[in-house]
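In my numbering, the protein residues as written are 366 to 427.
Read through the structure below, which is laid out as structure tokens, and then see the notes.
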Amino acid sequence: MAKTKTLRITQVRSRIGRRPNQKATLDALGLRKINQTVEHSDSDVIRGMINTVNFLVNVEEA
């Protein structure tokens, strides 16, 4: 069975003053604080969320 790729997503900028849909996207990714890191499997859904808040997060493949 093929191993799925994992993405490590770190919030690097504040959510204060952002639009509600951007805050909701951070919540959906599980990010609440600056420098918090979460891991998600690489999928189109997660990539779309990352594109919505790409200026607030750093992404690296784990």
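Heads up, the beta-carbon is just placed ideally off N, CA and C, and yes, glycines get one too.
Does DSSP classify residue 373 as helix, strand or coil?
-> Here residue 373 refers to the residue found at position 8 when the sequence shown is read from its first residue. In the structure shown, residue 373 sits in a strand (DSSP, three-state: E or B).
Starting from residue 406, follow its DSSP beta bridges and name the residues at the other end.
-> On the sequence shown, position 41 is the one that residue 406 refers to. Answer is 371, bridged to residue 406.
Start-to-end residues for the beta strand (DSSP E) that takes in residue 423 = Here residue 423 is taken as the residue at index 58 of the sequence shown, counted from 1. Taken as a continuous stretch (DSSP letters only), the beta strand (DSSP E) holding residue 423 covers 422-426.
Nearest to residue 420 (by Cα), restricted to the options 392, 376 and 409 = What you label residue 420 is simply residue 55 of the sequence shown in a count that begins at 1. Looking at the Cα atoms, 376 is the closest of the given residues.
Nearest to residue 396 by CA position, among 370, 382, 414 and 409, is which residue?
-> Counting from 1 along the sequence shown, the entry for residue 396 is found at position 31. The shortest Cα separation from residue 396 among 370, 382, 414 and 409 belongs to 414.
Boundaries (first-last residue) of the alpha helix (DSSP H) holding residue 391 = Taking the sequence shown and counting its residues from 1, the one referred to as residue 391 is at position 26. Element bounds for residue 391: 385-394.
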